[in-house]
Amino acid sequence: MGSADKALNRIEIATGAGLGIAHAAILAGGLAGVGLLVGAGMIEAPVAVLGILIILGAMEPFAALRRGAMELGRTVLAARRVGPQLEEPAKAACLPLPVPGQAVVLENVSVRHEGAAATALKGFNLDIAEGERVAVVGTSGAGKSTLFNLLAGEIAAESGSVAALPTRLLTQRTELFQDSLRNNLLLAKPDATDAELIDALQAAGLGGFMRNAPAGLDTALGEGGMGLSGGQARRLALARLFLTDAPLWELDEPTEGLDHATAEDVLARLSEKAAGRTLLIAAHIGRETKICNRIIVLNQGALILSVRKGEPLFDDILKTMR
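Its first residue numbered 1, the sequence shown is counted upward by one per residue in full-length UniProt numbering.
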């Protein structure tokens with residue numbers, strides 16, 4: 001679909017350039033024609049001025065039609081993205097539950113993405129106890145995202161046994177929509193009261209933003225969360241997470257792109273709200289592992305190392321991270 005987006009952008013640029021050239025040509029021709037008519041005495045100055053105004057406004061309807069046609073193209077493209085997923089049978093609400101005391105149990109699990117020749121996870125075994133806070137470390141392509149999507153029920157294992165507590169996944173990308181602050185939050189918990197929404201915002205560090213927003217929860221956000229800074233958008237995503245009652249939280253690089261002070265505050269608030277829950281954090285930055293009591297290292301779809309806080313290797317791994 002990315003190629004379709006690029007094609008639409010190319011068409012829009014080409015159409016805009018074509019309309020600009022056509023507008024310039026019509027304007028030049030119209031001015032020349034009006035000049036000839038005035039020179040020949042066939043029309044007087046007031047009529048000439050009216051003619052010029054008509055020429056200047058003649059292309060405006062076509063510009064609006066162009067914008068409408070491009071928006072229609074994007075709408076059709078979006079429908080093509082969503083349509084096949086809506087037609088698929090509903091997936092199970094959650095994975096099988098592990099034995100009491102465990103949050104995650106994976107036994108000899110293999111995962112292969114659709115159309116891929118190689119497996120993303122192969123013969124993968126992992127046990128995570130309830131209440132553990134685990135940093136998942138590995139280079140790009142090591143299998144971190146695959147593991148997170150597997151536990152969130154977004155993808156299925158090709159083989160092996162998967163059991164996990166109900167999971168909430170906070171991706172690295174913050175998805176916000178052109179709507180009110182309230183409706184963006186209600187995506188996480190549709191039956192939440194205003195008091196619950198405000199509590200979640202305050203817990204995420206957006207209390208000051210709320211106090212300065214005259215419309216409160218009815219504050220309108222632009223497309224993609226326009227009107228919020230990167231840190232505020234990330235905090236809003238965190239507030240969504242706080243609204244859920246899932247016992248297992250997965251976070252993909254939760255402080256990526258945030259300045260040091262904001263990142264430290266976000267992690268402190270996350271650590272406080274995660275009390276009693278199990279945390280999995282895909283981490284590239286050392287500060288994200290500091291709230292964890294265990295690190296697992298992935299490489300080429302395999303779990304190659306698991307260390308706990310207090311072991312020498314734990315601090316050694318921290319030193320290798322940004």
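Where a beta carbon is used, it is the ideal one built from N, C-alpha and C, also for glycine.
- In this structure, Arg234 and Val266 form a Cβ contact; the two beta carbons are roughly 7 angstroms apart against a cut-off of 8 angstroms.
- For Ser306, no alpha helix (DSSP H) run applies; the uninterrupted beta strand (DSSP E) run containing it begins and ends at Ala302 to Arg308, by DSSP.
- In the three-state scheme derived from DSSP, where H, G and I count as helix and E and B as strand, Ile317 is classed as helix.
- Separation of the CB atoms of Gly160 and Glu107 is rounded to 6 angstroms, and the pair is thereby assigned contact status at 8 angstroms.
- Check the Cα spacing between Leu121 and each of Arg80, Glu264 and His113: the tightest is with His113.
- Inside the segment 121-168, DSSP marks whole alpha helix (DSSP H) runs of 4 or more residues at positions 144-151, from first to last along the chain.
- Counting other Cβ atoms within 10 Å of its Cβ, Thr320 stays below 16 and is therefore classed as exposed.
- Non-local beta-carbon contacts of Glu223 in its own chain, meaning distances under 6 angstroms to residues more than five positions away in sequence, involve Gln178 in chain order.
- Under DSSP, Val105 shares a beta bridge with Asp127 and Ala163.
- Judged by DSSP secondary structure, Glu114 falls outside any beta strand (DSSP E); it is assigned neither H nor E.
- A Cβ-Cβ contact shorter than 8 angstroms links Gly225 with Thr174.
- In the displayed model, Val47 falls within a helix according to three-state DSSP.
- Here Ala163 is near Val105, since their CB atoms are less than 8 angstroms apart.
- Going by beta carbons, Glu130 and Ala152 fall outside the 8 angstroms limit.
- Straight through space, the alpha carbons of Met210 and Val111 are spaced by roughly 43 angstroms.
- CA-CA distance, Thr244 to Thr15, rounds to 46 angstroms.
- Within the segment 258-283, the complete beta strand (DSSP E) runs of at least 3 residues fall at 278-282.
- Leu27 and Leu186 have their C-alpha atoms spaced approximately 52 angstroms apart.
- The Cβ atoms of Pro100 and Leu165 do not sit closer than 8 angstroms to each other.
- Residue pairing from DSSP places Val297 in a beta bridge opposite Val137 and Leu305.
- With a 10 Å radius around the Cβ and a threshold of 16 neighbouring Cβ atoms, Val76 comes out exposed.
- Between Ile295 and Thr289 a beta carbon distance of about 6 angstroms is seen, short of the 8 angstroms cut, so the two are scored as contacting.
- In the structure shown, Ala220 falls within a strand segment according to DSSP collapsed to helix, strand and coil.
- Asn184 is the residue among Glu154, Asn184 and His260 whose C-alpha sits nearest the C-alpha of Asp218.
- By the 16-neighbour rule on beta-carbons within 10 angstroms, Ile128 is buried.
- Around the beta carbon of Pro98, a 10 Å sphere encloses 16 or more other beta carbons of the protein chains shown; the residue is thus reported as buried.
- By the neighbour-count criterion, in which a residue is buried when 16 or more other Cβ atoms sit within 10 angstroms of its Cβ, Asp252 is buried.
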